[in-house]
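Each number in my numbering comes from the position in the sequence shown (counting from 1) with 137 added on.
Quick reminder that beta carbons are idealized off the backbone N, C-alpha and C, glycines included.
Only a predicted model underlies this, so the values are computations on that prediction, with no experimental measurement involved.
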Amino acid sequence: WVYAADRPLSDDEEKALTDRLEDFLSDWTSHGRPVEGAAEVRNGRFVLLAAHRPDAENGSTNADVSGCGIDASVHVLESFADETGVEWESGLRVFYRDADGAVRSAGRPAFAERAQRGEVDASTSVFDLGVDTVADLRAGRFERPAATSWHAEAFPLS
138 WVYAADRPLS DDEEKALTDR LEDFLSDWTS HGRPVEGAAE VRNGRFVLLA
188 AHRPDAENGS TNADVSGCGI DASVHVLESF ADETGVEWES GLRVFYRDAD
238 GAVRSAGRPA FAERAQRGEV DASTSVFDLG VDTVADLRAG RFERPAATSW
288 HAEAFPLS
């Protein structure tokens with residue numbers, strides 16, 4: 138799962154969130170079964186969370202993390218947001234790097250306008266919040282040039 142903050146986290150906030158996620162991961166369960174997970178705060182804006190149930194390797198037919206397990210992870214993030222004023226953005230926003238390398242976000246109509254004005258183009262680094270496997274992360278599909286992502290089909294990039 139990928140969660141995107143509406144603003145950059147301070148160094149103290151990033152450390153506090155990382156510590157909280159590590160505490161959560163050490164005791165994460167789904168329907169009473171242990172969940173192995175990993176979390177990373179990347180670029181001061183994104184939380185990357187991966188999980189699997191170890192019993193999947195023992196022939197379990199239902200190895201996905203259940204709704205209650207997912208809800209528990211969301212609760213950790215919501216609690217952090219309540220305490221810090223951070224909001225977790227929806228996938229309807231586009232996250233990208235500006236010309237100075239800073240991570241920015243815009244609604245889809247605003248991003249399309251930036252593309253039409255040439256402020257963002259096919260070489261602009263964009264973030265794909267829909268990445269849903271560790272393999273995709275390792276393959277560089279989370280942050281990549283817009284020309285190689287779904288953004289190239291959705292926006293008028295030159």
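| message | By the three-class DSSP mapping on this structure, what secondary structure does T261 have? | response | coil
| Residues bridged to W225 by DSSP? | A142
| message | Using 8 Å as the cut-off, can you tell me whether the segment 201-216 makes contact with the segment 145-162, which would need three or more C-beta pairs spanning the two stretches below that distance? | response | yes
| Taking DSSP as the reference, what is the three-state secondary structure of V184? | strand
| message | Checking 8 Å against the spacing of the C-beta atoms, do S262 and R234 come in under that value? | response | yes
| If you follow the alpha helix (DSSP H) that E159 is part of, which residue opens it and which one closes it? | 148-162
| Based on the DSSP output, what are the partners of H189 in its beta bridges? | E173
| With C-beta atoms as the reference, is L162 less than 8 Å away from A176? | yes
| request: Output the boundary residues of the beta strand (DSSP E) element that contains A243. | output: 240-244
| Are A188 and V211 close, meaning C-beta to C-beta below 8 Å? | no
| field | Under 8 Å between C-beta atoms of G206 and V184 | value | no
| message | Please classify D265 as buried or exposed, where buried requires at least 16 neighbouring CB atoms within 10 angstroms. | response | buried
| Since V139 contacts V268 with CB under 8 Å, what's their CB separation in whole angstroms? | 6 Å
| Using the rule of at least 16 other Cβ atoms within 10 Å of the residue's Cβ for burial, across every protein chain shown, is W287 buried or exposed? | exposed
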